[in-house]
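**Q** One structure, pasted below without further comment.
Number of protein chains: 2
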Amino acid sequence: MSAPRPRIPEATVARLAVYLRVLVGLADGGRSNVSSGELASAAGVNPAGLRKDLSHLGPCGVRGVGYEVATLRDRIARVLGVEESRPCVLVGIGNLGTALADYAGFGSRGFRFVGLFDAAPDRVGRRIGGQPVRPVAELDEVVAATAATIGVIATPADVAQSVCDRLTAAGVRSILNFAPVALNAPAGVDVRQVDLSVELQVLAFLGQQRGAAATTVEVTA
Amino acid sequence: MSAPRPRIPEATVARLAVYLRVLVGLADGGRSNVSSGELASAAGVNPAGLRKDLSHLGPCGVRGVGYEVATLRDRIARVLGVEESRPCVLVGIGNLGTALADYAGFGSRGFRFVGLFDAAPDRVGRRIGGQPVRPVAELDEVVAATAATIGVIATPADVAQSVCDRLTAAGVRSILNFAPVALNAPAGVDVRQVDLSVELQVLAFLGQQRGAAATTVEVTA
DNA sequence: AACCGCTTGTGAACGCAGGAACAAAGTCGC
DNA sequence: GCGACTTTGTTCCTGCGTTCACAAGCGGTT
Numbered sequence: 001m002s003a004p005r006p007r008i009p010e011a012t013v014a015r016l017a018v019y020l021r022v023l024v025g026l027a028d029g030g031r032s033n034v035s036s037g038e039l040a041s042a043a044g045v046n047p048a049g050l051r052k053d054l055s056h057l058g059p060c061g062v063r064g065v066g067y068e069v070a071t072l073r074d075r076i077a078r079v080l081g082v083e084e085s086r087p088c089v090l091v092g093i094g095n096l097g098t099a100l101a102d103y104a105g106f107g108s109r110g111f112r113f114v115g116l117f118d119a120a121p122d123r124v125g126r127r128i129g130g131q132p133v134r135p136v137a138e139l140d141e142v143v144a145a146t147a148a149t150i151g152v153i154a155t156p157a158d159v160a161q162s163v164c165d166r167l168t169a170a171g172v173r174s175i176l177n178f179a180p181v182a183l184n185a186p187a188g189v190d191v192r193q194v195d196l197s198v199e200l201q202v203l204a205f206l207g208q209q210r211g212a213a214a215t216t217v218e219v220t221a
Numbered sequence: 001m002s003a004p005r006p007r008i009p010e011a012t013v014a015r016l017a018v019y020l021r022v023l024v025g026l027a028d029g030g031r032s033n034v035s036s037g038e039l040a041s042a043a044g045v046n047p048a049g050l051r052k053d054l055s056h057l058g059p060c061g062v063r064g065v066g067y068e069v070a071t072l073r074d075r076i077a078r079v080l081g082v083e084e085s086r087p088c089v090l091v092g093i094g095n096l097g098t099a100l101a102d103y104a105g106f107g108s109r110g111f112r113f114v115g116l117f118d119a120a121p122d123r124v125g126r127r128i129g130g131q132p133v134r135p136v137a138e139l140d141e142v143v144a145a146t147a148a149t150i151g152v153i154a155t156p157a158d159v160a161q162s163v164c165d166r167l168t169a170a171g172v173r174s175i176l177n178f179a180p181v182a183l184n185a186p187a188g189v190d191v192r193q194v195d196l197s198v199e200l201q202v203l204a205f206l207g208q209q210r211g212a213a214a215t216t217v218e219v220t221a
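Read top to bottom, the protein sequences are chains W and R.
Take 1 as the starting number for the first sequence in the UniProt record's numbering and just add one per residue.
Take 1 as the starting number for the second sequence in the UniProt record's numbering and just add one per residue.
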């Protein structure tokens, strides 16, 4: 394995995932070639930045022509590690958890839920997207049996840390956390935080600032 | 209005929202003082970075003592513009949209939904969290009546752009987009993208890279 | 009243990401 | 077969974000 992997910046990885989504759409639409300008436009980024991102994979385009859609798609999928679908477990089957379990987009993008867990007895046993909701007591067992390495936490904030502890103890190495708390995970475990309130508050700030700027212009004028 | 607003970096704004959440929790727990170290630990960031973030608000701590919880909380809330709750509209009441509409966390953090919209006739009329689902035809009317400036898109990808167009035409200036497409919005409109698949794919890449690194160590050893 | 420990706030250096401009390379037309 | 055009891949540069380390300031104590 002499793969030249001089480490890809995380920001680039996130954009590669976006390019991959666009490329899948283009391939399904029958397109065979695409230029960096068009791809960048569809992904909402700068063409030069896109080419720089792709350069981390080595040369994969043809000068004067562009990129071959299917080839580039497969290459990005391989680099991201989503060539075949990866098993994930989901803890917390409330409104958000149900939405995530039902979201078809995951299945088509290289992920499948192999276990849904909740602590509330009245939720256990329900079926969502063809899967039964199990009690959290079975978590270790399922993680071991399915070799799941990715866990998603969609529980209330006050139990998120204990769920995180259980997941890592069971062998999960990557966690996507929707609960509004900072998780404390052991070294070697990657945690990504998605906080919906934070996103809205950033928007509120930008909107307020825009309003203030407009006022300033008005006063200045 | 001689407010010294030398512009706050966006990354800092996102963290301020996290600090605010922690501070609200501390205040509810009866705490009156907190140090930068403790606050940083609870927020999952570096203490020095936290102090630098807060320095954008001007001096707001006492040396040798720390920060007063209630004062700092109110100050951040004012800067973020979430002192009183802001009206938002939500388009797309599928699984995810329902989860968002039902999420109590928004209400306690300065946001309230004043309109829920969907195109599917069988969803119109349902009540979620005390609100009726309306047809999208009423969007302009509701935005005008409520002065909503924030719109949330939780529709399928193929209609997200048209929803975005309608929102901006109705006067919405900030958009939070959950649909997996890059939106094209006119200048002066802020768009924030939340893509759940991208988050998972970044985790998959990091996990794969970790595995590869472990192998390398093994080989090297 | 002076000292000491603790914590904030700030200044500087480092590393990284983003953007623009340029050179290399391949294709199409003549 | 040759030239010109198109598009990639790379290089440089500018600016931002993050981190470390130190000086300044306040409270408690003797």
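All C-beta atoms, glycine included, are put in the ideal place defined by N, C-alpha and C.
#1: Could you tell me whether the Cβ of residue 236 of chain R comes closer than 9 Å to any Cβ of chain W?
#2: Note down, in chain order, each residue of its chain lying with its Cβ closer than 6 Å to the Cβ of R:VAL181, except the 5 sequence neighbours on either side.
#3: Step through the CB atoms of chain W and report whether any lies within less than 9 Å of the CB of R:SER197.
#4: According to a CB-to-CB cut-off of less than 9 Å, which residues of the segment 90-102 of chain R neighbour chain W?
#5: Just to make sure I have the definition right: I need the residues of chain W whose C-beta is within less than 9 Å of the C-beta of R:PRO47. Which are they?
#6: Which whole-angstrom value is the C-beta distance of R:PHE117 and R:VAL91, which I expect to be below 8 Å?
#7: List, in chain order, every chain W residue whose beta-carbon is nearer than 9 Å to that of R:PRO59.
#8: If you measure between the beta carbons of R:VAL152 and R:ASN177, is that distance less than 9 Å?
#9: Within 10 angstroms of its Cβ, does R:SER174 collect 16 or more other Cβ (buried), or is it exposed?
#10: Taking C-alpha atoms, which residue in R:ASN95, R:THR98, R:VAL143, R:LEU100 lies nearest to R:VAL114?
#11: In terms of residues, what are the limits of the alpha helix (DSSP H) holding W:VAL114?
#12: W:TYR19: beta carbon under 8 Å from a heavy atom of the ligand ZN?
#13: Mind checking which residues open and close the alpha helix (DSSP H) that includes W:CYS88?
#14: Quick one: grab the DSSP three-state call for W:ALA3.
#15: CA-CA distance, R:LEU196 and R:ALA187?
#16: Taking C-beta pairs closer than 9 Å, name the residues in chain R that W:GLN131 reaches, listed in chain order.
#17: Is the shortest distance between the beta-carbon of W:PHE205 and the beta-carbons of chain R less than 9 Å?
#18: If you reduce the DSSP assignment to three classes, tell me which class W:ARG126 lands in.
#19: Does DSSP classify W:GLU83 as helix, strand or coil?
#20: Helix, strand or coil for R:GLY66, going by three-state DSSP, please let me know.
#21: Taking beta-carbon pairs under 7 Å, can you tell me which members of the segment 166-182 of chain R lie near chain W?
#22: Using the Cβ count rule (16 or more neighbours within 10 Å means buried), how would you classify residue 224 of chain R?
**A** Checking against the coordinates, here is how it stands:
#1: Only positions 1 to 221 of chain R appear in the structure, and residue 236 of chain R is not among them; the question remains open.
#2: ALA157, ALA160
#3: Chain W, which has a Cβ nearer than 9 Å to the Cβ of R:SER197, makes this yes.
#4: GLY94, ASN95, LEU96, GLY97, THR98, ALA99, LEU100, ALA101, ASP102
#5: What R:PRO47 touches in chain W: nothing, since even the nearest Cβ is about 14 Å away.
#6: 5 Å
#7: Neighbours of R:PRO59 on chain W: none; closest Cβ ~21 Å, over 9 Å.
#8: yes
#9: buried
#10: R:VAL143
#11: It is not in any alpha helix (DSSP H) - W:VAL114 instead sits in the beta strand (DSSP E) that spans 111-118.
#12: Looking for the ligand ZN in the displayed structure turns up nothing, as the structure carries no ligands at all.
#13: First-last for W:CYS88: 86-91, but that is the beta strand (DSSP E), not the alpha helix (DSSP H).
#14: In this prediction, W:ALA3 has a pLDDT of 44, which is less than 50 and means its spatial position is unreliable; what the coordinates show is noted afterwards. Here W:ALA3 sits in coil by DSSP.
#15: 26 Å
#16: Result: empty, since nearest Cβ-Cβ is about 14 Å, beyond 9 Å.
#17: The Cβ of W:PHE205 sits closer than 9 Å to at least one Cβ of chain R.
#18: coil
#19: coil
#20: strand
#21: Within the segment 166-182 of chain R, the qualifying residues are ARG173, SER174, LEU176, PRO180, ALA182.
#22: Within the shown structure, residues of chain R are numbered from 1 to 221, placing residue 224 of chain R beyond reach of any answer.
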